[in-house]
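Heads up: the sequence shown begins at 1 in UniProt numbering, then just goes up one per residue.
By construction, the Cβ of each residue, glycine as well, lies at the ideal position given by its N, Cα and C atoms.
Because the structure is a prediction, the values reported are computed rather than measured.
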Amino acid sequence: MTATVPDKLEVTSPVTGDVVGIHHVHDADDVRAAVATAREWAQWWSDLGFANRRDVLDKWRGVLARRAAQLAEVVHQETGKPHGDAMLEVALAVDHLAWAAKHADKVLGRRKVSSGLLMANQAATVEYLPLGVIGVIGPWNYPVFTPMGSIAYALAAGNAVVFKPSELTPGVGVWLADALSEVVPDQGLFQVVTGYGETGAALCRAGVDKLAFTGSPATGRTIMAACAETLTPVLIEAGGKDALIVADDADVVAAADAAAWGAFANAGQTCTGVERVYVHEKVYDEFLSELTRRARELHAGGDPSAKIGPMTLPGQVDVARRHIEDAIARGGRAVVGGPEAVQGRYIQPTVLVDVPEDSLAVTAETFAPTVTVAKVRSNDEAVALANHTSYGLGATVFSRKKGMDLAARIRSGMTAINGVISFAGIPELPFGGIGESGFGRIHGPDGLKEFTYAKAIARQRMKPAIALTTFDRTEKAEQTMATLINVLHGGATQLPKLSRKDRRA
Numbered sequence: 001m002t003a004t005v006p007d008k009l010e011v012t013s014p015v016t017g018d019v020v021g022i023h024h025v026h027d028a029d030d031v032r033a034a035v036a037t038a039r040e041w042a043q044w045w046s047d048l049g050f051a052n053r054r055d056v057l058d059k060w061r062g063v064l065a066r067r068a069a070q071l072a073e074v075v076h077q078e079t080g081k082p083h084g085d086a087m088l089e090v091a092l093a094v095d096h097l098a099w100a101a102k103h104a105d106k107v108l109g110r111r112k113v114s115s116g117l118l119m120a121n122q123a124a125t126v127e128y129l130p131l132g133v134i135g136v137i138g139p140w141n142y143p144v145f146t147p148m149g150s151i152a153y154a155l156a157a158g159n160a161v162v163f164k165p166s167e168l169t170p171g172v173g174v175w176l177a178d179a180l181s182e183v184v185p186d187q188g189l190f191q192v193v194t195g196y197g198e199t200g201a202a203l204c205r206a207g208v209d210k211l212a213f214t215g216s217p218a219t220g221r222t223i224m225a226a227c228a229e230t231l232t233p234v235l236i237e238a239g240g241k242d243a244l245i246v247a248d249d250a251d252v253v254a255a256a257d258a259a260a261w262g263a264f265a266n267a268g269q270t271c272t273g274v275e276r277v278y279v280h281e282k283v284y285d286e287f288l289s290e291l292t293r294r295a296r297e298l299h300a301g302g303d304p305s306a307k308i309g310p311m312t313l314p315g316q317v318d319v320a321r322r323h324i325e326d327a328i329a330r331g332g333r334a335v336v337g338g339p340e341a342v343q344g345r346y347i348q349p350t351v352l353v354d355v356p357e358d359s360l361a362v363t364a365e366t367f368a369p370t371v372t373v374a375k376v377r378s379n380d381e382a383v384a385l386a387n388h389t390s391y392g393l394g395a396t397v398f399s400r401k402k403g404m405d406l407a408a409r410i411r412s413g414m415t416a417i418n419g420v421i422s423f424a425g426i427p428e429l430p431f432g433g434i435g436e437s438g439f440g441r442i443h444g445p446d447g448l449k450e451f452t453y454a455k456a457i458a459r460q461r462m463k464p465a466i467a468l469t470t471f472d473r474t475e476k477a478e479q480t481m482a483t484l485i486n487v488l489h490g491g492a493t494q495l496p497k498l499s500r501k502d503r504r505a
């Protein structure tokens, strides 16, 4: 028997339990109507051209910047994350919006390309045109920054967008669309549909031209299956199990500081957060001591001094508890935290050592303020263990002299050296992973192109020197072509001499 989907979405604060918003649950008809409206606006938006679109997006950026504290408060209410973390998220999103609007013309606009020798009579150009309507299904852990990585770049590329925020953070999506309406009144350019999984499934089938999804691998597979029904292309960002390598020549204090932030910030609910640390035996004791000290100085709670908020998704508490208990049952030790660190919706920082590599805490995404620390005999062993995962999103390396070499050997879409998650804040860098972490890229030039299709045009400027694409092609022309190919690609050293008759052929 199919469960009845409620027509109202009630959002409660993870901190207080108070209702902080009530939203309509959009059904399949509502979603189709939203896509239809977006498609009507998509042509207008595309026809505006890069300069006019940039003007609109710059004004929207201004609204977001001036009212950032208000948006951060919505994020805080819906997710429970501290105000400072919410403001950081908003600030990064605004910076990405600025970059996308400024650089769209240069990245996507029409440009000349070489025609090659055989087709030298052709003038060749390529440009990247908007797909039309982009569907975006966003996560709850970074409800502004993550979906704006798709929304901002899709809009800058000339598309309209229909956004389905998480059922835990619908107010953020509504706020963003309302902010754009201050620039473009009664706009249908950026539609928001709210609801549960059924609403997201309807968006997959509603005729969007591409769908960008951020979430778990399991849900990503469901999204792909739904989009496959209409051959709708997808972009999937499906989380990670990111590793941090501390090499034998690392700045240990800086590495411990980065590991603490990467593991515990946002209550560990970060797809590119640090969940595994591999430390060279030469610096292991010093690193563990420093990380332990930092972890003990932090606490999760709803009080003003707490730097770690609650678990936004209630079910993730049980996942974290299960991973911690499995690690300890299999011989691991909690040098900070442990099973007792799970306190209702709050999980205190937990540092686990001596954890087997095949335990849940090492192999599965925990998405909580927990981290495993393992001693390795060499930097090579650290790289091998970091790569021993089905995920491949981000990674971090701390080393004074070997950072680039180690980073290049890690199987991940992104790697930070002597910092943590820094790649996410650089607008020009692509963001995305491989393997179980998904495919496709947001941010940077790749992120702009992700929401377009390449349009190639070849225009004949003059008659060809050798007529090849005609049934009137002569044997002499074919012999000349073979000689040219041999000279260009086969190692021959002398070009053929063409008579006037040959050139006319």
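Integer-rounded CB distance, given that residue j should sit under 8 angstroms from residue i
| i | j | result |
| --- | --- | --- |
| S399 | A250 | 5 angstroms |
| E78 | V19 | Wrong, their Cβ atoms sit about 11 angstroms apart, outside the cutoff. |
| V133 | Y278 | The Cβ separation is near 44 angstroms, so there is no contact. |
| E275 | T366 | 6 angstroms |
| A157 | A104 | 6 angstroms |
| A124 | V113 | 5 angstroms |
| Y346 | G301 | 6 angstroms |
| A407 | I417 | 5 angstroms |
| G109 | F190 | With a Cβ gap of about 23 angstroms, G109 and F190 do not count as contacting. |
| A458 | Q122 | 5 angstroms |
Sequence-distant residues of the same chain with beta carbon closer than 7 angstroms to residue i, five excluded per side
| i | result |
| --- | --- |
| G200 | I137, K164 |
| D248 | H280, K282, V283, N379 |
| G220 | F213, I236, A238, G438 |
| G331 | D354, P356 |
| D502 | Low confidence applies to D502: its pLDDT is 49, below 50, so where it sits in the model is not reliable enough to give any reading. |
| S216 | A238, G239 |
| W140 | T79, S166, L168, T169, T312, L313 |
| A159 | The amino acid occupying residue 159 in the given sequence is Asn; Ala does not appear at that position. Correct list, in chain order: A42, P130, L131, G132, V133, I134, F451. |
| E478 | none |
| E290 | V252, V253, A256 |
| R473 | A467 |
| K402 | A247, D249, N379 |
| A28 | A202 |
Other residues of its chain near residue i: CB distance less than 8 angstroms, five sequence neighbours each side excluded
| i | result |
| --- | --- |
| V94 | R61, L64, A65, A68 |
| L203 | V31, V35, G135, I137, V162, K164, V193, L211 |
| D85 | A265, N266, G309 |
| V90 | L64, A68, L71, A72, V75, V144, F145 |
| Y453 | Y128, L129, L131 |
| I410 | A243, I245, V383, A386, N387, A395, V397 |
| I22 | K8, L9, E10, V11 |
| V172 | L71, V74, V75, E78, P143, V144, P165 |
Residue j beta carbon less than 8 angstroms from that of residue i
| i | j | result |
| --- | --- | --- |
| V25 | K455 | no |
| V442 | Y153 | Residue identity differs from the one stated: residue 442 is Ile in this sequence, not Val. Yes, the pair counts as a contact, with Cβ atoms nearer than the cut-off. |
| A327 | S359 | yes |
| V74 | V183 | no |
| W45 | R54 | no |
| G337 | V351 | yes |
| A364 | I324 | no |
| G188 | E40 | yes |
| E286 | V252 | yes |
| G425 | G432 | no |
| A100 | D58 | no |
| P369 | P339 | no |
| V335 | T372 | no |
| H96 | M148 | yes |
| Y196 | V15 | no |
| I223 | V208 | no |
| residue 511 | L92 | Outside the displayed range of the chain (1 to 505) lies residue 511, so it cannot be described from this structure. |
Own chain partners of residue i with C-beta closer than 6 angstroms, once the 5 adjacent residues on each side are dropped
| i | result |
| --- | --- |
| V107 | P445, L448 |
| R504 | Confidence is the limiting factor: at R504 the pLDDT is only 48, short of 50, which leaves the residue's position unreliable, though a coordinate-based value still follows. For R504, where only same-chain residues beyond five positions count, there are no Cβ hits under 6 angstroms. |
| A177 | F190, V192 |
| A206 | V31, R32, V35 |
Worksheet item: Going along the chain, which unbroken runs of the alpha helix (DSSP H) with 4 or more residues stay wholly within the region 214-284?
Response: With a minimum length of 4 residues, the continuous alpha helix (DSSP H) runs that stay inside the region 214-284 are 217-228, 252-264.
Worksheet item: Taking contact to mean at least 3 C-beta pairs separated by less than 8 angstroms, is the region 253-263 in contact with the region 312-330?
Response: Taking a contact to require three or more Cβ pairs closer than 8 angstroms, the region 253-263 and the region 312-330 do not qualify as touching.
Worksheet item: Any contact of the region 226-236 with the region 384-392, i.e. 3+ C-beta pairs under 8 angstroms?
Response: Contact fails: fewer than three Cβ-Cβ distances are below 8 angstroms.
Practice prompt. Jot down the residue ranges of each uninterrupted alpha helix (DSSP H) in the region 96-172, minimum 4 residues, whole runs only, in chain order.
Written response: Segments of the alpha helix (DSSP H) lying fully in the region 96-172: 145-156.
Worksheet entry | Length at least 4, wholly inside the region 415-499: the alpha helix (DSSP H) runs in chain order | The DSSP assignment places complete alpha helix (DSSP H) segments of no fewer than 4 residues inside the region 415-499 at 444-449, 475-489, in order along the chain.
Worksheet item: Hey, which unbroken runs of the beta strand (DSSP E) at 3 residues or more fall wholly within the region 375-408?
Response: Whole beta strand (DSSP E) segments, 3+ residues: 395-398.
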